[in-house]
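Counting along the sequence shown from 1, when you hit position 9 you're at 8 in numbering that gives the first Met the number 0, and nothing is skipped either side.
Cβ atoms here follow ideal geometry from the backbone N, Cα and C, with glycine treated the same way.
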Amino acid sequence: MDKDVFVRVKGSFTGPADGEDIELIAPGQYFLRNGAQYVLYDEMDEALGEPIKNTIKITPDKVSLRKRGPVVADMSFESGEERVATYTTPFGSLVLNVLARNMEIRQTEDELNIKLDYELEIEYEHTSDCVIDIAVRSKSTGMFPLS
Numbered sequence: 000m001d002k003d004v005f006v007r008v009k010g011s012f013t014g015p016a017d018g019e020d021i022e023l024i025a026p027g028q029y030f031l032r033n034g035a036q037y038v039l040y041d042e043m044d045e046a047l048g049e050p051i052k053n054t055i056k057i058t059p060d061k062v063s064l065r066k067r068g069p070v071v072a073d074m075s076f077e078s079g080e081e082r083v084a085t086y087t088t089p090f091g092s093l094v095l096n097v098l099a100r101n102m103e104i105r106q107t108e109d110e111l112n113i114k115l116d117y118e119l120e121i122e123y124e125h126t127s128d129c130v131i132d133i134a135v136r137s138k139s140t141g142m143f144p145l146s
């Protein structure tokens, strides 16, 4: 995989607090360090007016997501494991419980695909069942098609 990549994040959320599906495509950076893969990219939140810096760390049995900027969070996903995280925004903080039901990681020479299937609780109440698909592709192979 090249250092310069495109990152696509698609998310769907179902449950008592159904939300809109999301899709984000952004330029990013990919690298390997100490046996782990890293993906860095920025996302712009129009409501906050400044970028959120995201770091995804991938190992064979764990995916970690770190957000910095106007939103601060550290979330980890391991199949069958429950993790607690704090999600902080300029408007306040929330306690998240994340139960990762399934995690799939597939990789080719120029593309990395991660699928996270998890239950989400916010402030100890079940909020939604979530599926996040993350695709990382070398820029040299071209942009993702818009869906």
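> Does any heavy atom of the ligand GTP sit closer than 7 Å to the C-beta of P50?
Replying inline: The ligand GTP is absent from the structure shown, which contains no ligand whatsoever.
> Does DSSP put S78 in a helix, a strand or coil?
Replying inline: coil
>> What does the Cβ neighbour count give for N53, buried or exposed, with the cut at 16 atoms within 10 Å?
In response: buried
> Apart from the five residues just before and just after S63, which ones in its own chain have a Cβ nearer than 6 Å to its Cβ?
Replying inline: K56 and S75
>> Please state the DSSP three-state secondary structure of K138.
In response: helix
> Three or more C-beta pairs closer than 8 Å, one from the segment 5-13 and one from the segment 130-144: is that the case here?
Replying inline: yes
>> Just to confirm my understanding: we take S11, look at its own chain, exclude 5 residues before and 5 after, and list those with CB closer than 6 Å. What are they?
In response: D20 and V130
>> Count Cβ pairs between the segment 104-111 and the segment 119-130 that sit closer than 8 Å; are there 3 or more?
In response: no
> Where F30 and A84 are concerned, what is the direct C-alpha to C-alpha distance, given to the nearest angstrom?
Replying inline: 25 Å
> Whole-angstrom Cβ separation of V135 and V38, contact assumed at under 8 Å?
Replying inline: 5 Å
>> Can you list, in chain order, the residues of its chain with a C-beta nearer than 7 Å to that of D60? Leave out the 5 residues immediately preceding and following it.
In response: E77
> Between which two residues does the beta strand (DSSP E) harbouring F5 extend?
Replying inline: D3 to T13
> Starting from G34 and walking both ways along the beta strand (DSSP E), at which residues does that stretch end?
Replying inline: Counting along the chain, G34 falls outside any beta strand (DSSP E), and DSSP gives it neither H nor E.
>> Please classify M0 as buried or exposed, where buried requires at least 16 neighbouring CB atoms within 10 angstroms.
In response: buried
> Would E118 pass as a contact of D132 if the rule is Cβ separation under 8 Å?
Replying inline: no
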